Amino acid sequence: MECRVLSIQSHVVRGYVGNKSATFPLQVLGFEVDSINSVQFSNHTGYAHWKGQVLTAEELNVLYEGIKLNQVNRYDYILTGYSRDMSFLGTVVDIIQELKKANPSLVYVCDPVMGDQGAMYVPENLLPVYKEKIVPLADILTPNQFEAELITGRKIKTKEDAVEVMDLLHAMGPETVVLTSTDLPSKHGDQFLVALGSQIIVKPDGTKTSQKICMDIPKVDAVFVGTGDLFAALLLAWTHHHPKDLKAACEKTVSAMHHVIKRTITHANEMAGPGKRPSPAQLELRMIQSKADIENPAIVVEAKVLQKSSH
Amino acid sequence: MECRVLSIQSHVVRGYVGNKSASFPLQVLGFEVDSINSVQFSNHTGYSHWKGQVLTADELHVLYEGIKLNNVHHYDYVLTGYTRDTSFLEMVVDIVQELKRANPNLVYVCDPVLGDHGSMYVPQNLYPVYKNKVVPVADIITPNQFEAELLTGKNISTEKDAVEVMDLLHAMGPDTVVITSSDLPSRLGDRFLVSLGSQRKVRPDGSRTTQRVRIEVPKVDAVFVGTGDLFAAMLLAWTHHYPNDLKTACEKTFSVMHHVIQRTISYAHKLAGPGRRPSPPQLELRMVQSKADIEDPAIVTEATVIS
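As given, the protein sequences belong to chains H and D, one line each in that order. For what it's worth, this note's numbering labels the leading residue of the first sequence as 24, then goes sequentially. For what it's worth, this note's numbering labels the leading residue of the second sequence as 1322, then goes sequentially.
Written out as structure tokens, the structure reads:
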């Protein structure tokens, strides 16, 4: 498999977020990963302390220029995630547009990281950049409920709302949308959260239809960092292998996530000791130890196909 | 296996040198790798063009401070390679010394990158830093012949010279020395180069013993970049699994190198086409594709135990 990904994300010396979270899984799955580190921090910002340096939009452009001058600016995928800087994001857009001209088949996988649980945790001025420039270029989008609502201006209270929001997102650009988590009630009870996905498929006769799926995912009583980055990377990998089967792609992605998370929480609780809440350092994803699950995830979550509708 | 490595090396967006070359293999072998990127370049400097940014000694210190403030500055290994900046190198030494105080069992694997084939390709003022400060705190070093000669001030013309040079290097600090390549004639002919290794151990009764090995390594007609970085990372891994058996550690390490290089050169020739010399991008190591060989290398080079 010759598949080259350009991933523009954070680097942390210790732990698994951003490029540290995305690179290893993609590499063990056989992808060539070129990585531009948007920052270099000692660790993620959930620790008591963090220190490091950020890459400016200009420095990003310089790195891309180096790739271009050597005529190796040809990628099959681009992957982006958490960003805090509007001008940096603007340069990312320019780069993606140029790479899409170099390879019109390029697939841009975008995690539009803006916030969660009703609040933004990036500067507000990023929203218009995402809405007007980034999302229209994206081919695969992995918003959570809050981000999907922000981008479309529509609230999600029912599954029907979620379906409409995903269709609104399709209309903005991406053919594949996964709502990575929602507050919708799960039929399995409150120990589960609901995730949904939608993929536009072009039928042989040229008409468009969409496959919509729904998953009930076991909740875990802990705050993990880097799981969204891992999710987007795994979704890239599994939609690559199952380009017209979002159900299969999501089952593999979510199942792999489950194995990594379970291994992580078990280890974290062991390290913290009985009755103590694990620290951020102890909760770092057990990425290396999950190699086998990443390579070949046992399916533990089933995605239900919701409906096929024509557009 | 709970084993954490701090690797302070270059990062390239594309290709496999420095941390890009060291991290993936160590990770697939189950090591936790914390990586400080000393530079971020688009690609290695053997391409027609390269662009990027370097980390200053101060910025290195700031990153280390972050790790320390969170009380997670506990490492089993430190790994370093190519550096061009003396103040950066001196900061690395300070960090290694502090990490050794935090964990006296820490093993510092150092590739003392100074030059090759008779000439230095780093600034000259790095040489005293390596000699006087870095090598004395190293536990495992992987110099080539030129670097071994430079550090000890002794030339290598025979295997006996090489053994003496490795003993001189032991006396400077490291208990494990591998001369990764030399001009010594191989008993298998001129399609092979000779590498040598030496490991000094202290017996339970307090007496010293040294295991020395010689490895005949098939030459490949191409210039690879990042192979030294891969070598040091793999020697770290295999001496970890065989801490008292340099022969086996070297056989595994040199065998992995062989598989990765063979896969790389085959692919490079395919890309370049018949009769054409492959370009630097085409010669990038086939790292990801060599995962199975990295995990479990079939032994294809045998190490001979010498005096």
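Glycine included, each C-beta is placed from N, C-alpha and C at the ideal position. Remember, it's a predicted structure, so these values are computed and weren't measured experimentally.
Alpha carbon of residue i to alpha carbon of residue j, nearest angstrom
i	j	result
residue 1373 of chain D	residue 1459 of chain D	29 Å
residue 67 of chain H	residue 293 of chain H	22 Å
residue 217 of chain H	residue 190 of chain H	18 Å
residue 118 of chain H	residue 132 of chain H	14 Å
residue 271 of chain H	residue 279 of chain H	12 Å
residue 1341 of chain D	residue 1402 of chain D	12 Å
residue 31 of chain H	residue 61 of chain H	6 Å
residue 78 of chain H	residue 42 of chain H	14 Å
residue 269 of chain H	residue 1544 of chain D	44 Å
residue 1512 of chain D	residue 1556 of chain D	24 Å
residue 200 of chain H	residue 262 of chain H	11 Å
residue 169 of chain H	residue 236 of chain H	19 Å
residue 72 of chain H	residue 1605 of chain D	37 Å
residue 1586 of chain D	residue 1465 of chain D	22 Å
residue 287 of chain H	residue 1507 of chain D	50 Å
residue 1613 of chain D	residue 53 of chain H	11 Å
residue 34 of chain H	residue 1484 of chain D	42 Å
residue 314 of chain H	residue 50 of chain H	10 Å
residue 1383 of chain D	residue 1626 of chain D	45 Å
residue 1348 of chain D	residue 1509 of chain D	35 Å
residue 334 of chain H	residue 239 of chain H	The pLDDT assigned to residue 334 of chain H is 48, lower than 50, so where the model puts this residue is not dependable; a value taken from the coordinates is nonetheless given after this. Answer to the nearest angstrom: the Cα atoms are 26 Å apart.
residue 243 of chain H	residue 1504 of chain D	59 Å
residue 204 of chain H	residue 194 of chain H	21 Å
residue 274 of chain H	residue 234 of chain H	14 Å
residue 141 of chain H	residue 151 of chain H	18 Å
Where residue i falls: helix, strand or coil (DSSP)
i	result
residue 335 of chain H	Shown here, chain H extends from 24 to 334; a query on residue 335 of chain H therefore has no answer.
residue 280 of chain H	helix
residue 24 of chain H	coil
residue 105 of chain H	coil
residue 1501 of chain D	strand
residue 1394 of chain D	coil
residue 145 of chain H	coil
residue 1529 of chain D	strand
residue 169 of chain H	helix
residue 1353 of chain D	strand
residue 140 of chain H	coil
residue 1332 of chain D	strand
residue 334 of chain H	Model confidence at residue 334 of chain H stands at a pLDDT of 48, short of 50, so the residue's coordinates are unreliable; what they give is reported in the following sentence. DSSP places residue 334 of chain H in coil when its eight states are reduced to three.
residue 39 of chain H	coil
residue 1606 of chain D	coil
residue 1615 of chain D	helix
residue 1448 of chain D	helix
Assumed close pair residue i, residue j - CB separation to whole angstroms, cut-off 8 Å
i	j	result
residue 1425 of chain D	residue 1456 of chain D	With 8 Å as the limit, residue 1425 of chain D and residue 1456 of chain D do not qualify as a contact, their Cβ atoms being about 19 Å apart.
residue 1399 of chain D	residue 1327 of chain D	5 Å
residue 1443 of chain D	residue 1405 of chain D	5 Å
residue 181 of chain H	residue 134 of chain H	Incorrect: roughly 25 Å between the Cβ atoms, too far for contact.
residue 1624 of chain D	residue 1568 of chain D	5 Å
residue 1360 of chain D	residue 1332 of chain D	7 Å
residue 1547 of chain D	residue 1338 of chain D	4 Å
residue 307 of chain H	residue 39 of chain H	6 Å
residue 44 of chain H	residue 192 of chain H	Not quite, the Cβ-Cβ distance comes to about 24 Å (not below 8 Å), so this is no contact.
Listed by chain order, chain C residues near residue i by CB distance under 7 Å
i	result
residue 1602 of chain D	Absence of chain C from the displayed structure is noted, the protein chains being H and D.
For residue i: DSSP bridge partner residues
i	result
residue 1537 of chain D	D/1515
residue 218 of chain H	H/238
residue 1409 of chain D	The partner list for residue 1409 of chain D (beta bridge, DSSP) is empty, contrary to what the question assumes.
residue 199 of chain H	H/163, H/222
residue 1325 of chain D	D/1353
residue 77 of chain H	H/62
residue 29 of chain H	H/57, H/101
residue 34 of chain H	H/63
residue 302 of chain H	None; residue 302 of chain H has no bridge partner.
Check: residue i C-beta below 7 Å from any heavy atom of the ligand ATP
i	result
residue 270 of chain H	Inclusion of the ligand ATP in the displayed structure is not the case, the ligand content being empty and no account of it being possible.
Positions along the stretch 75–91 of chain H whose CB lies within less than 7 Å of some CB in chain D | 75, 76, 82, 85, 86, 88, 89, 90
Interfacial residues, the stretch 1351–1370 of chain D to chain H, with Cβ spacing under 9 Å | 1351, 1352, 1353, 1354, 1355, 1356, 1357, 1358, 1361, 1362, 1363, 1364, 1368, 1369, 1370
Would you list, in chain order, the members of the stretch 1527–1555 of chain D that have their beta-carbon closer than 9 Å to a beta-carbon of chain H?
-> none
Anything in the stretch 265–280 of chain H with a Cβ closer than 7 Å to a Cβ of chain D? List those residues in chain order, please.
-> none
Please name the residues in the stretch 1395–1424 of chain D whose beta-carbon is closer than 9 Å to at least one beta-carbon of chain H, in chain order.
-> none
Taking a cut of 7 Å between CB atoms, which residues from the stretch 1327–1342 of chain D lie near chain H?
-> 1332, 1334, 1335
Contact list for the stretch 1427–1455 of chain D against chain H, Cβ threshold 8 Å | none
Select from the stretch 1370–1386 of chain D all residues with a C-beta closer than 7 Å to any C-beta belonging to chain H, and list them in chain order.
-> 1370, 1371, 1372, 1373, 1374, 1380, 1383, 1384, 1386
If you measure beta-carbon to beta-carbon, which residues of the stretch 1565–1594 of chain D are closer than 9 Å to chain H?
-> none
Short-range partners of chain D found in the stretch 282–296 of chain H, where Cβ spacing is below 8 Å | none
Interface positions of the stretch 1489–1503 of chain D facing chain H (Cβ-Cβ less than 8 Å), listed along the chain | none
Could you please tell me which residues of the stretch 55–75 of chain H, in chain order, have their CB closer than 9 Å to any CB of chain D?
-> 55, 56, 57, 58, 59, 60, 63, 64, 65, 66, 70, 71, 72, 73, 74, 75
Residues, ordered as in the chain, of the stretch 1607–1624 of chain D that lie near chain H by beta-carbon distance below 7 Å = 1609, 1612
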